[in-house]
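Chains A and B supply the protein sequences, listed in that same order. Numbering (the working numbering) for the first sequence: 1 to 161. Numbering (the working numbering) for the second sequence: 1001 to 1804. Note that beta-carbon positions come from the ideal geometry of N, C-alpha and C, so glycine has one too. Everything below concerns the one structure shown next.
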Amino acid sequence: MANKHTVSFKLNGNDVDVVVEARELLIHTLRERLATTGPHIGCETTHCGACTVDLDGASVKSCTVLTVQCQDAEVLTIEGLEQNGELHALQEGFTQEHGLQCGYCTPGMITRAYRLLQENPNPSEEDIRYWMAGNLCRCTGYQNIVKAVQFAAEKLSSAQA
Amino acid sequence: MAASPDLIEREAALQGLGVSRLRKEDARFIRGQGTFIDDIKLPGMLFGAMVRSPYAHARIKSINKDKALAMPGVTAVLVADDLRPLGLHWMPTIGGDTQAVLADEKVCFQMQEVAMVIASDRYTAADAADMVEVEYEELPAIVDPHKAMDDDAPIIREDIADKDEVSHGPRTHPNHIFTWEAGDKDATDAVFDNAAVTVKEEILNPRVHPCPIETCGCVASFDKVTGQLTVNVTSQVPHLFRTVLAMLSGIPESKIRVISGDIGGGFGNKVPIYPGYVIAVVASIVTGLPIKWIESRIENISTTGFARDYHGIGELAADKDGRIKALRFFALADHGAFNSHVSATKLPAGLFSICTGSYDIPTAYCRVDAVYTNKAPGGVAYRCSLRVTEAVYLIERMIDILALKVGVDKAEIRRRNFIKEDMFPYNTSLGWTVDSGSYHNALDKVLKAVDYEGLLKEQAEKRANGELMGIGISTFTEIVGAGPTKVCDILGIGLFDSCEIRVNPTGSAIARFGTMSQGQGHATTYAQIIATELGLPSDEIQIEEGDTDTAPYGAGTWGSRSTPVGGAAAALAARKIRAKAQKIAAHLLEVGEADLEWEIDRFKVKGNPTQTKTMKEIAMVAHTGDLPEGMQQGLDASEYYDPPNLTFPFGAYVCVVDIDRFTGETKVRRFYALDDCGTRINPMIIEGQIHGGLTEAFAVAFGQEIPFDENGNHLGNSLMDYFIPTSFETPHWETDETVTPSPHHPIGAKGVAESPHVGGIPCFSNAVVDAFAHLGVTHMDMPHSAYRVWQQCKALGIDKHADT
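Following this line, the structure appears as C-alpha cells:
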C-alpha cells in the first residue's frame, strides 16, 4: 500500500492501529474507520468545535489534525467519558440543566468542558464562557451549558471533598 | 381547598402538562450515540461530491468528464444530460417554479450544482470533482434586486422568459416572479392623504442563513430487486419529502421510505428539497448502490436555505398623539435564481400580512414584489413562520420611528395602539383573526421588572455626558401553527397534522406523529400532553416521528407548528381513547357513563369515590372479552387535526445596550424577555427554546449577512466570515411569562420556539437606534456590527476623543 501509513494510538483507553493516507484527517479516521461517531463535523474551518476531542491532554479540533500526527497519542472522545456504566458528571449536568437540544454539538461541548475542568476545577461563569468559545451551539444560547458545567464542577469537587 | 396528598402524588407520577420534565432524548446525545445523517453507513455505499459553478451567471459551453472518470474509485459523473432522459434534470419547487437539479446549459448563481461525482469515498469524490472540466462563458449578473426589473437587465431565466405567470399572477418583466398584495389600497391612500402625521423609512432584512451546526445531507438507497427506495435525510418534513419524491420519480409512494433520524438543528434550512437529494436518488437508482451526499459548510451557506433578503419600505399614518390610522408596507423580495421560496400555495409572501402586529390599525395595505437575481434560490423561514420576522421587524421599527416623530415615549405609543384585551378575538385590517392576547399587561410587567423609568433617567444622564445608551422595546405578535387547510397547503397538501396513539394492555403507550423534532424535545413534551389527557405516566409513553413507513402523514416541523397542530392532534387522539375508556369503565362499574367523572388517572363514580377504574386497569380490560356489547378490543385512536385558525403567541421584550462611540462596539447590558405562548407544557424546554431563539436573534441583529460583490461572488460563506455567536459574546438572558391560552386550541397552547427570534431582532435594533435617537437618527440597517455602528458614529462626528 503505497502512500499509506500505519498509525497506532490509544482511543478511549484501547489500542488501535489504522492504515491511512498522510492527508487523512483524524475526524474521518475516528468516524469512518473506528466507529467513533460521537465527534461530529460542522465546518471545515475549525470554527464550530463539533469535532472536539482530547489529544494528549489538550482539546483539539479533529477536523484539522492529521491522523498521522497521532502516533502513540492518547485520544479521548465523548465515548470514553462514561466509566463502568456511570456517566461523567458533565454528561449528567448537561441533562439536568437542559444544556442540549438537537445534540449535535454536545459531544464536542462535553469533551471541551472535560478539559476545562481538568485545568480549572472551579471555573467562574466568565471562565466557562471564555473556555467554551471555540464550540458553537445554535440551539441553547449557551446559558444552560454554563449551568451544566457548573453542575459538574460542583459535583466533582464535592466528591473530592 | 388544598388537594389531598394522594391526588398530588398521583398527579406528580404522571409528569404531565406544566412539569419541567427532563428530556428523554438526552440519554443518547450525551453519550455521543445520536444517529445523525453522516453516521449512516450502508454496505457498498458510495459518496457524492458536487461540481459547482464559479460564476453567478454563465453559459456552460462544455463539460468534460474524462479525467474524473479515469480516476480509480470513481463510478460516475452525472450532469444534466444524464438526468434528462429520466425527466429529472429539472424539478418543481414549493414556490410553484421549476429549478434545475443540475445546471441545464447555463448557471444562474455562484456555486450552482453543475455535476455530481460518485466515488468510493469522500476523499476520492472530492478529488474527482476537481477534475471535471467545465468551460463557461460568463454573463453579466444581477445582484441588486432593485435593478432586476430594469429595462436593460439581463434575463436570468431564459427557460421561462416568455411565460406570463409563474403560478402567482401576471409578470411584468422576465425577472419578475410575482406581485402580491393585501388590504385596501384606496382606503389606505386616502387616510395617508389626510393624516396629521406620516412617517416613512426604508428598512432592510438582509440575506442571512439559518446555519444549523449539522449541514444538510442524505443517504439514498434503491433496491433494484424490490424496487424499494429508502432515503435517510435531514428533513424537517419527511412526509412531504416522500410525496415530492413520488411525484418526481414516478415510484409509488408506498415503495418510498423516508427516514429523518436525529437532526442537528434545522431552523428552516431543512425544509426544502434540494438538488443534491434528487441527484443522490438518481445515482442510487442507476447504480443500485446506496449514495451518501453531505454538504460542506461552504456549500450549506452558499446554496441551501437562505432567509430574508426583504427590502422594505414602511409607512404609518397617525393622529398627532401617535394613534395609528393606517399602515402601508412594501417589500421587494429577492428570491434568487429560482423561486424555491418556502410558502403555502395561496400565500406567496407567506404570512407577511401579520405586519399590523399587536396594534389596532383600522386601515392597511401591503404589497410584495418578488424578483429573480443571480443568487442562490429560495427563501426559507429562519426560525420563524413564513415571512413573519420581516413583517414584525417592519412594524416594530416603524412604531419607534412614529414615536420619535410625535414625541411620545416608545412604551406609551405602544399602549395607545395595542389591541385591547376585550377586543379579542380581533380581526386585523389585513384579514387575520388574532385569537387572544393581553398586551398592556405584558408590557407593564416587563417595564416594572427592568425599572423602565430608572433606565430613562440613567439614559438622560448618560446622553448629557455624551455617552451612548439605548433602550429597545419590542411588543410583537407572532402567527404560527400553519395551518387551516382552507388557507394553507403545500403542493396541494393541506397543512394539517396527525397523531396515532396505541395503548398497550399493561398501560404503556406509543404515539406517532407527522411532525419532526430537530431538538425541540417532542419525545418529552408530546408524552406530557398525552400523560395528562390519559392519566398514564409520561415515562411509559414512547414518541416516534420521522419514519414515513410508520408515522401518520403530516406536514412536519417548521413555523412553530408542532405544538399548535401536532400537540392538538395528540390531545384529541387521547380524548378519543379516554371516551372509549369511559364506556369500558361504566360497563365495569355497572353505571351510566354520565355517572362517572375523571380524576387525574381514573374514572370514579360520582358520589361514591371508592368505586373507581384506573386507566391502567381499563387498558388491560380493553384487551379482554369483558367489554360493552358490540365494542371491539383495543385502545387506540388517531387524529388528523385541521386547525380552525393559526395561533398568535406574543411577548414584550426590553433590551438595554451601551455603545462605545469610539469603536462602535455594542454591549448588550440587559435583555428581558416576557413570552406568552398560552398553556405551558414544559417550562424548562420553553426557557431553553427562548434562550436559543434570542441568541439567533442576537446573531441576525449584530452580525449575520451573506454579502456579494457586484459580480455575484460570495464574500463570506464559511464560518470564518459568517457570524455565529460564541458563548463569550452571547448576552445573559432573563425570561418571564404571562399565560393567555389560545381559545381554539384543545389545551390552549400556542407554540414558542420562534417568538424570541421574531421579537428579539427588532428589540436589538430598536435599542441600537435608540442610542442615537437624540442625535436625530431614525433608522440603522442590520447587522449592527462594530464597523457599521462606528460608521454611524463617524457620520455624526462623535467618534473622536475631545482632546485629539
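Which of the three DSSP states is assigned to I1618(B) in this structure?
Here residue 1618(B) is taken as the residue at index 618 of the second sequence, counted from 1. Here I1618(B) sits in helix by DSSP.
If you draw a straight line from the alpha carbon of D1781(B) to that of D1369(B), how long is it in whole angstroms?
Locating residue 1781(B) in the second sequence gives position 781, where the first residue counts as 1. Locating residue 1369(B) in the second sequence gives position 369, where the first residue counts as 1. C-alpha separation (whole angstroms): 20 Å.
So D17(A) is in the beta strand (DSSP E); what residue range does that whole segment cover?
As a position in the first sequence, residue 17(A) is number 17, starting the count at 1. N14 to E21 is the span of the beta strand (DSSP E), which, as asked, contains D17(A).
Inspect the CB distances between the region 1644-1662 of chain B and the region 1465-1478 of chain B and report whether three or more fall short of 8 Å.
yes
Any beta-carbon of chain A closer than 8 Å to the one on F1029(B)?
The residue you call residue 1029(B) lines up with position 29 of the second sequence. Answer yes: the Cβ-Cβ gap between F1029(B) and chain A drops below 8 Å somewhere.
As a quick exercise: from L87(A), H40(A) and M109(A), pick the residue whose alpha carbon is nearest that of T1726(B).
Taking the first residue of the second sequence as 1, we reach residue 1726(B) at position 726. Ranked by how close their Cα comes to the Cα of T1726(B), the residues L87(A), H40(A) and M109(A) have M109(A) in first place.
Nearest residue (CA-CA) to Y1672(B), options H1714(B), N1717(B) and H1732(B)
Here residue 1672(B) is taken as the residue at index 672 of the second sequence, counted from 1. When only C-alpha atoms are compared, the closest one is H1732(B).
With H, G and I counted as helix, E and B as strand and the rest as coil, what does DSSP make of L1316(B)?
Walking along the second sequence from the start, residue 1316(B) turns up at place 316. Residue state, collapsed to three classes: strand.
Can you give me the C-alpha to C-alpha distance between D1164(B) and R1171(B), rounded to a whole angstrom?
If you number the second sequence from 1, residue 1164(B) lands on position 164. If you number the second sequence from 1, residue 1171(B) lands on position 171. Distance between the alpha carbons of D1164(B) and R1171(B): 5 Å.
May I have the straight-line CA-CA distance separating I1501(B) from L1635(B), to the nearest angstrom?
Against the second sequence, residue 1501(B) aligns to sequence position 501. Against the second sequence, residue 1635(B) aligns to sequence position 635. C-alpha separation (whole angstroms): 8 Å.
Could you name the residues of chain B that G38(A) contacts, counting a contact when the two beta carbons are closer than 9 Å?
Along the first sequence, read from residue 1 onward, the residue named residue 38(A) stands at position 38. Per Cβ cutoff of 9 Å: R1031, G1032, Q1033 and G1034.
Could you check whether the Cβ of L100(A) sits closer than 8 Å to any Cβ belonging to chain B?
Translated into positions along the first sequence, residue 100(A) becomes position 100. Cβ-Cβ to chain B under 8 Å: yes for L100(A).
Name the chain A residues that come within less than 8 Å of P1212(B), Cβ to Cβ?
Locating residue 1212(B) in the second sequence gives position 212, counting from the first residue. Near P1212(B) (Cβ distances below 8 Å), the residues of chain A are C102, Y104 and R138.
How about A1056(B) and A1080(B): are their beta carbons less than 8 Å apart?
Against the second sequence, residue 1056(B) aligns to sequence position 56. Against the second sequence, residue 1080(B) aligns to sequence position 80. No.
Buried versus exposed call for K4(A) [16 or more other C-beta atoms within 10 Å across all chains shown]
Position 4 of the first sequence holds residue 4(A). So K4(A) counts as exposed.
Quick check on V1117(B): buried or exposed, where buried means 16 or more other Cβ atoms within 10 Å of its Cβ?
Position 117 of the second sequence, counted from the first residue, corresponds to residue 1117(B). That one is buried.
Measure from the alpha carbon of E1202(B) to the alpha carbon of each residue in E1315(B), L1404(B) and E1412(B), then state which is nearest.
Translated into positions along the second sequence, residue 1202(B) becomes position 202. For the residues E1315(B), L1404(B) and E1412(B), the minimum Cα distance to E1202(B) belongs to E1315(B).
In this structure, does DSSP put Y1722(B) in helix, strand or coil?
Here residue 1722(B) is taken as the residue at index 722 of the second sequence, counted from 1. Coil, per DSSP.
The alpha helix (DSSP H) spanning N144(A) covers which residue range?
In the first sequence, the residue the question calls residue 144(A) occupies position 144. Looking at the DSSP string, the run of the alpha helix (DSSP H) that includes N144(A) is Q143 to Q160.
What is the rounded straight-line gap between the Cα of Q160(A) and the Cα of E154(A)?
Position 160 of the first sequence, counting from 1, holds the residue named residue 160(A). Position 154 of the first sequence, counting from 1, holds the residue named residue 154(A). Cα-Cα distance, rounded: 10 Å.
Ignore the nearest five residues each way along the sequence and tell me which others in A148(A)'s own chain have a CB closer than 6 Å to its CB.
Taking the first residue of the first sequence as position 1, residue 148(A) is located at position 148. Result list for A148(A): G93, F94, E97 and G99, in chain order.
Along the chain, where does the alpha helix (DSSP H) that runs through N1300(B) open and close?
Position 300 of the second sequence, counted from the start, is the residue given in the question as residue 1300(B). Taken as a continuous stretch (DSSP letters only), the alpha helix (DSSP H) holding N1300(B) covers R1297 to T1303.
May I have the straight-line CA-CA distance separating R1052(B) from L1069(B), to the nearest angstrom?
Here the question's residue 1052(B) lines up with position 52 in the second sequence. Here the question's residue 1069(B) lines up with position 69 in the second sequence. Straight-line Cα distance between these residues: approximately 17 Å.
What alpha helix (DSSP H) runs, 4 residues minimum, are completely inside the region 1100-1154 of chain B?
1122-1131
Quick check: what's the CA-CA separation for L117(A) versus E1696(B)?
On the first sequence, position 117 is the one that residue 117(A) refers to. On the second sequence, position 696 is the one that residue 1696(B) refers to. Looking at the two C-alpha atoms, the distance is approximately 28 Å.
Measure the CB-CB distance between S1718(B) and I1298(B) and report whether it falls below 8 Å.
In the second sequence, the residue the question calls residue 1718(B) occupies position 718. In the second sequence, the residue the question calls residue 1298(B) occupies position 298. A contact, by the Cβ cut-off of 8 Å.
Are any of the Cβ atoms in chain B nearer than 8 Å to that of A94(A)?
Within the first sequence, numbered from 1, the residue matching residue 94(A) stands at position 94. At residue 94(A) the sequence reads Phe, which differs from the Ala that was named. With 8 Å as the cut-off, F94(A) counts as an interface residue toward chain B.
Along the region 1732-1743 of chain B, what residues have a CB closer than 8 Å to any CB found in chain A?
H1732 and W1733
At a Cβ threshold of 8 Å, is C48(A) touching chain B?
Counting from one through the first sequence, the residue named residue 48(A) turns up at place 48. Yes, contact with chain B.
Would you call R23(A) buried or exposed, if buried means 16 or more other Cβ atoms sit within 10 Å of its Cβ?
In the first sequence, counting from the first residue as 1, residue 23(A) sits at position 23. So R23(A) ends up on the exposed side.
Run through DSSP, which three-state label would K1457(B) get?
Position 457 of the second sequence, counted from the start, is the residue given in the question as residue 1457(B). DSSP places K1457(B) in helix when its eight states are reduced to three.
Helix, strand or coil for W131(A), going by three-state DSSP, please let me know.
If you number the first sequence from 1, residue 131(A) lands on position 131. W131(A) falls in the helix class under three-state DSSP.
Specify the secondary structure class of V1768(B) as computed by DSSP and reduced to three states.
Sequence index remark: in the second sequence, residue 1768(B) carries index 768 (1-based). Residue state, collapsed to three classes: helix.
I think G141(A) touches G1692(B), with their Cβ atoms under 8 Å apart; what is that distance to the nearest whole Å?
Within the first sequence, numbered from 1, the residue matching residue 141(A) stands at position 141. Within the second sequence, numbered from 1, the residue matching residue 1692(B) stands at position 692. At roughly 5 Å, the Cβ-Cβ gap stays under 8 Å, so G141(A) and G1692(B) are in contact.
Name the chain B residues whose beta carbon is nearer than 7 Å to that of R129(A)?
The residue given as residue 129(A) occupies position 129 in the first sequence. Here the neighbours are S1727 and F1728.
Chain B within 8 Å of A133(A), Cβ atoms only
To locate residue 133(A), count along the first sequence from 1; it is residue 133. By this cut-off, A133(A) is an interface position.
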